[in-house]
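S.K.: Numbering (UniProt numbering), first residue to last: 1 to 627.
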Amino acid sequence: MSVIAIALFLTASIFAIDVITAKDGAIAVLYITVILLVAARGRRYVIAAGIGSTCLTTVAFLSEHLPVPSQGALSRVTVSLIAIAVTTLLSLRDRSSRTTLGEQARILELSHDTVIIRDANDVILYWNDGAERLYGWSRQEAVGKICAQLLQCRCPMEEIDRALAREGQWSGEIVRTPRDGRRLVLASRWLHRRDPDGRPVGIIESSADLTEQRRAHARIRASEQRYRTIFDSAGFAAWESDWTETMRIVSSQSPSGEDLRCWLQLHPETVYSAIAAAVIRDANQAAVELFQATGRKALVGSNLCGRYLPDCAGAFADILAALASGTHTAESEVSLKALGGRIADVILRVTLLPDGERWSSMLVMAFDVTERNEARARIEQTSAELAHAARVSILGQLAASIAHEVNQPLTAIINYGKSAKRWLGRPQPELEEIAGCVDRMVANGTRAAEIVSRVRSLARKTTPQAEPVDLPELIEDAIALIQREARAGNIAVRRSGRVDLPLVYVDRVQIQQVLMNLLMNGIQAMRDVIDRSRELCIETDATQEGMVRVAVHDRGVGFPAGGEARIFEPFFTTKAEGMGMGLSICRSIIEAQGGRISASNNNHSGATVAFTLPTKPEALQRPELIS
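1) Would you please state the rounded distance, in angstroms, between the beta carbons of T615 and L474? I believe it to be under 8 Å.
2) Is it a yes or a no for the stretch 156-174 touching the stretch 133-145, going by three-plus beta-carbon pairs under 8 Å?
3) Please report the straight-line C-alpha distance between G181 and A131, rounded to a whole angstrom.
4) Under 9 Å, do G606 and V557 count as touching if we go by C-beta distance?
5) Between R261, S223, I280, which lies nearest to S241 when the distance is taken from Cα to Cα?
6) By a C-beta neighbour count over all protein chains shown, 10 Å radius and 16 as the cutoff for buried, is V346 buried or exposed?
7) Reducing DSSP to helix, strand and coil, say where R183 ends up.
8) Comparing C-alpha positions only, which one of C312, L150, E159, Y126 sits nearest to V143?
9) So W243 and W359 are supposed to be a Cβ contact under 8 Å. How far apart are they, rounded?
10) What does Q601 pair with, by DSSP beta-bridge criteria?
11) Go through its chain and collect everything with a Cβ distance to A293's Cβ below 7 Å, but skip five positions before and after it.
12) Note down the Cα distance separating S496 from L519, rounded to an integer number of angstroms.
13) Please report whether the beta-carbon of V469 lies at a distance below 9 Å from any beta-carbon of chain D.
14) According to DSSP, simplified to helix, strand and coil, what is T329?
15) Quick check on C155: does DSSP put it in helix, strand or coil?
16) Any idea what DSSP makes of I567, helix, strand or coil?
17) Let me know if P427 comes out buried or exposed under the rule of 16 or more other beta-carbons within 10 Å of its beta-carbon.
18) Quick check: A234 and M365, are their CB atoms within less than 9 Å of each other?
19) If we call anything under 9 Å between Cβ atoms a contact, is E173 one with L210?
20) Check the DSSP bridge columns for S496 and list the partner residues they point to.
21) From the DSSP output, read off the bridge partner residues of M365.
22) So Q465 is in the alpha helix (DSSP H); what residue range does that whole segment cover?
23) Under a three-way DSSP split, which group does P310 fall into?
24) Please determine, among L191, T411, L424, the residue with the shortest C-alpha to C-alpha distance to V115.
25) Measuring CB to CB, does S254 end up less than 9 Å from L260?
26) Does the structure place the stretch 547-555 close enough to the stretch 598-612 that three or more beta carbon pairs sit under 8 Å?
27) Under the DSSP definition of a beta bridge, which residues are partnered with K337?
28) Quick one: give me the first and last residue of the beta strand (DSSP E) that P268 is part of.
29) Quick one: what does DSSP say A576 is sitting in, helix, strand or coil?
30) Measure how close the beta-carbons of L186 and S207 come, nearest whole angstrom, since I'm counting them as under 8 Å.
31) With a threshold of 8 Å on Cβ separation, who are the neighbours of G326 within its own chain once the five nearest residues in sequence on each side are excluded?
32) To which residues of the same chain is C153 closer than 8 Å at the C-beta, ignoring the five residues directly before and after it?
33) Grouping DSSP H, G and I as helix and E and B as strand, with all else coil, what is I530?
34) Looking at A286: is its Cβ nearer than 9 Å to the Cβ of A238?
35) With distances taken between CB atoms, is the gap from I538 to A551 smaller than 9 Å?
36) Please state the DSSP three-state secondary structure of S453.
Okay, structure coming up:
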């Protein structure tokens, strides 16, 4: 039978007895048993039992004592009602207290921390779920055991006893061993349990596991130590800077809506103002050596803006714009002047470190490329001299043709000069004939001057310089120089493709050298051909990538098997008298101009060498940076 059924049965029985007997409400006091019986079911059952008991007591009393109750009966029923009310209120308060205690107990069970209650003899009285999870023993296994023995606790007991005696509590770190034998580091807080007289009767302890946190801290310290070791022992200069003010200057002074990089390029004063605000916080020994400083202290707390040469504003504008756009790493090449006066070329790589506030920790690495640049300059000088020697070599091959081409207009000039002299020697000079001879002399002199000009332009030794060049005109000049060689070999030279080409941005002399080399190679490749017509074709066209393509087709012997892949290698040649440098130099020239060159055999006979050239000057601006 349920509690509610029993309560209803008791209620009905008490009401019946109260109505039948003549106890004048004294029986009604038994309703408190009903209230106490349902108290465990909840608050609303207590209230319902209290109200119901009050109503039934009142009904039973009125049914017996109307219209005028006696004084004694009224007193007895009043006492019964008061008893019912008091019992109801006490049951409600007890229920509330039990609810609070239950919630507190649930909180202890739900806590991830361990909660252990011990008596004065260190015997475990309470062991929450957190303790079960951390230590590995269940509540049934732990309760009743001595805590120090079960957990092999290592803690400063003398310090703990003094703190508990003085303040009634202690907090600190302890070490314990759980069931699996691991070593746990705990942050623990101990409180005295006291009896109603205030005497200590045990300990309430709450502990949190710090083991993983300590391991994480140890890993962080090890990582920081590794970083410090790498930072200090790196073979390149590195320093940490605070760029907070630097980026604030960039963001506050640059207008919104504009291309930041372009704006900074036009405002170098803002760039240097921003760079001057970058303060060095730490530097390695390589940085000390790069700047020829007396030590790290000479660099820490300073800025290096005064060390950079004035032409570095553009490089720093690129770095600042890249960082402001969200890139975490930016690099550029700059030149700086060390404290000792040495000028150094360096690649600056600026990286935003993840720790700290944004921009407060920037790692700047400087790779000294001074020797590399000097070596590159020497290589470029050697390449220029080699290219000049190759051009002179081509002129040597064309010496007979050039002499013949120059000799023709000179012979014509002499003949027309003699004719003019004869016309002048007559009694009646023929001025019209004389004028015609002079005109022809001027025309042939101009022709000879043009030939000499072409030869001089090919032979002169100048610094390569890109300029807009009319490629069809350059091709015509090259054809004019090799025309006699072609006629001597019975070779037809023709042009095909587009002639309305855009200007290309190249060095005129070097591209003319490439054309001459390819044309002469084509002529020489057809020297021994007897079974087919000899034809040299120069084809020009524009590509969709903003380039102009030039292809030289011949009908010669072609490249040997496997030679197409090696034809541009230095000293690789298909000619017995060749040195193998011509096409290698051509490749270097074309690639330096921002183009590409390739070679292939034709389907039937001969070979094709094609190259592309840029129609925009930006193609030449290809900074080579190390990573």
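We put the beta carbon where it would ideally sit given N, CA and C, even for glycine.
M.R.: On the basis of the supplied data:
1) Residue numbering aside, residue 615 sits at position 615 when the sequence shown is read from its first letter. Residue numbering aside, residue 474 sits at position 474 when the sequence shown is read from its first letter. At roughly 14 Å, the Cβ-Cβ gap does not stay under 8 Å, so T615 and L474 are not in contact.
2) no
3) The sequence position of residue 181 within the sequence shown is 181, counting from 1. The sequence position of residue 131 within the sequence shown is 131, counting from 1. Those two C-alpha atoms are separated by around 15 Å.
4) The residue you call residue 606 lines up with position 606 of the sequence shown. The residue you call residue 557 lines up with position 557 of the sequence shown. Going by C-beta atoms, G606 is nearer than 9 Å to V557.
5) Position 241 of the sequence shown, counted from the start, is the residue given in the question as residue 241. Checking every option, the nearest Cα to that of S241 belongs to I280.
6) In the sequence shown, residue 346 corresponds to position 346, counting from 1. Result: buried.
7) By one-based count along the sequence shown, residue 183 stands at place 183. Note: R183 maps to coil in three-state DSSP.
8) The residue you call residue 143 lines up with position 143 of the sequence shown. Nearest C-alpha to V143: Y126.
9) Reading the sequence shown from its first residue, position 243 is the one you call residue 243. Reading the sequence shown from its first residue, position 359 is the one you call residue 359. Rounded, the Cβ-Cβ distance is 5 Å, consistent with contact.
10) By one-based count along the sequence shown, residue 601 stands at place 601. Per the sequence shown, residue 601 should be read as Asn rather than Gln. The partner list for N601 (beta bridge, DSSP) reads A607.
11) If you number the sequence shown from 1, residue 293 lands on position 293. Within the same chain, A293 has close Cβ partners L299, L339.
12) Here residue 496 is taken as the residue at index 496 of the sequence shown, counted from 1. Here residue 519 is taken as the residue at index 519 of the sequence shown, counted from 1. Each residue's Cα considered, the two are about 15 Å apart.
13) Here chain D cannot be found, since the structure has a single protein chain.
14) Taking the sequence shown and counting its residues from 1, the one referred to as residue 329 is at position 329. Three-state result, T329: strand.
15) Locating residue 155 in the sequence shown gives position 155, where the first residue counts as 1. Three-state result, C155: coil.
16) Mapped onto the sequence shown, residue 567 falls at position 567. Correct three-state label for I567: coil.
17) For the purposes of this step, residue 427 is taken as residue 427 along the sequence shown, with counting starting at 1. P427 comes out exposed.
18) To locate residue 234, count along the sequence shown from 1; it is residue 234. To locate residue 365, count along the sequence shown from 1; it is residue 365. Yes.
19) As a position in the sequence shown, residue 173 is number 173, starting the count at 1. As a position in the sequence shown, residue 210 is number 210, starting the count at 1. In this structure, L210 lies closer than 9 Å to E173 by Cβ.
20) Position 496 of the sequence shown holds residue 496. Partner(s): E539.
21) To locate residue 365, count along the sequence shown from 1; it is residue 365. According to DSSP, M365 bridges with A238, R349.
22) On the sequence shown, residue 465 is found 465 positions in, with the first residue counted as 1. Unbroken run through Q465: none, as it is neither H nor E.
23) To locate residue 310, count along the sequence shown from 1; it is residue 310. Helix at P310.
24) As a working note, residue 115 is residue 115 in the sequence shown. Nearest of L191, T411, L424 to V115, Cα basis: L191.
25) Start at 1 with the first residue of the sequence shown, and residue 254 comes out as number 254. Start at 1 with the first residue of the sequence shown, and residue 260 comes out as number 260. Result yes, Cβ atoms of S254 and L260 sit closer than 9 Å.
26) yes
27) What you label residue 337 is simply residue 337 of the sequence shown in a count that begins at 1. BP columns for K337 point to I343.
28) Translated into the one-based positions of the sequence shown, residue 268 becomes position 268. Careful: P268 lies outside any beta strand (DSSP E), inside the alpha helix (DSSP H) at 268-276.
29) Residue numbering aside, residue 576 sits at position 576 when the sequence shown is read from its first letter. Reliability of the predicted coordinates at A576 is poor, the pLDDT of 47 falling under 50, and no value is obtained from them.
30) Here residue 186 is taken as the residue at index 186 of the sequence shown, counted from 1. Here residue 207 is taken as the residue at index 207 of the sequence shown, counted from 1. The pair is a contact, with the Cβ atoms about 4 Å apart (cut-off 8 Å).
31) Within the sequence shown, numbered from 1, the residue matching residue 326 stands at position 326. Excluding residues within five positions, none has a Cβ falling inside 8 Å.
32) As a working note, residue 153 is residue 153 in the sequence shown. Taken in chain order, the residues that qualify are C147, I174, V175, R176.
33) If you number the sequence shown from 1, residue 530 lands on position 530. Correct three-state label for I530: coil.
34) Locating residue 286 in the sequence shown gives position 286, counting from the first residue. Locating residue 238 in the sequence shown gives position 238, counting from the first residue. Cβ distance < 9 Å, so A286 and A238 count as in contact.
35) Here residue 538 corresponds to residue number 538 of the sequence shown, with the count starting at 1. Here residue 551 corresponds to residue number 551 of the sequence shown, with the count starting at 1. Yes, Cβ-Cβ distance for I538 and A551 is below 9 Å.
36) As a first step, residue 453 is located in the sequence shown; it is residue number 453 there, counting from the start. Helix, per DSSP.
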